[in-house]
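Engineer: Numbering (our numbering), first residue to last: 103 to 226.
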């Protein structure tokens with residue numbers, strides 16, 4: 103029979119292995135080339151940088167710092183510098199492109215502060 107120490111050791115080892123595996127599956131993001139096309143805006147990554155991000159009510163909540171992707175030619179996310187006064191914290195966050203919508207000339211992020219707080223921090 104197994105004693106409690108053995109069972110606890112197996113559980114801890116399994117948990118650590120699972121965490122390591124999940125971490126290894128996380129894809130590192132890189133800055134994309136300025137000429138990379140972004141279909142959402144029908145323009146390139148350079149045009150997307152420094153654009154304002156708005157909430158669903160149309161209030162500016164931040165701006166795009168960098169366009170990121172799995173390689174220099176594939177944009178998948180943006181690094182957003184959120185306005186401190188907007189209530190989203192003062193860290194830059196990595197926001198997936200599919201979380202943004204173009205409404206006329208405004209980029210809209212419908213996520214609330216709690217959802218944004220769960221996004222990865224971007225360290226430039």
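Beta carbons are placed, not taken as given, at the ideal position from N, Cα and C, and that holds for glycine. Keep in mind the model is a prediction, meaning the values are calculated, not measured.
Within 10 angstroms of its Cβ, does residue 164 collect 16 or more other Cβ (buried), or is it exposed?
Structural biologist: Result: buried.
Engineer: For the region 129 to 187, which segments carrying the alpha helix (DSSP H) assignment without a break, of at least 4 residues, lie completely within its bounds, in sequence order?
Structural biologist: 147 to 150
Engineer: Quick one: residues in its chain with C-beta nearer than 6 Å to the C-beta of residue 156, no 5 flanking neighbours on either side, listed in chain order?
Structural biologist: 162, 208 and 210
Engineer: By a C-beta neighbour count over all protein chains shown, 10 Å radius and 16 as the cutoff for buried, is residue 166 buried or exposed?
Structural biologist: buried
Engineer: Could you tell me which of 177, 151 and 186 sits nearest to residue 130, measuring between CA atoms?
Structural biologist: 177
Engineer: If you run the structure through DSSP and keep just helix, strand and coil, what is residue 207?
Structural biologist: If DSSP states are grouped into helix, strand and coil, residue 207 belongs with coil.
Engineer: Looking at C-alpha atoms only, which residue of 184, 205, 206 and 144 is the closest neighbour of residue 218?
Structural biologist: 184
Engineer: Determine the DSSP secondary structure at residue 199, reduced to helix, strand or coil.
Structural biologist: helix
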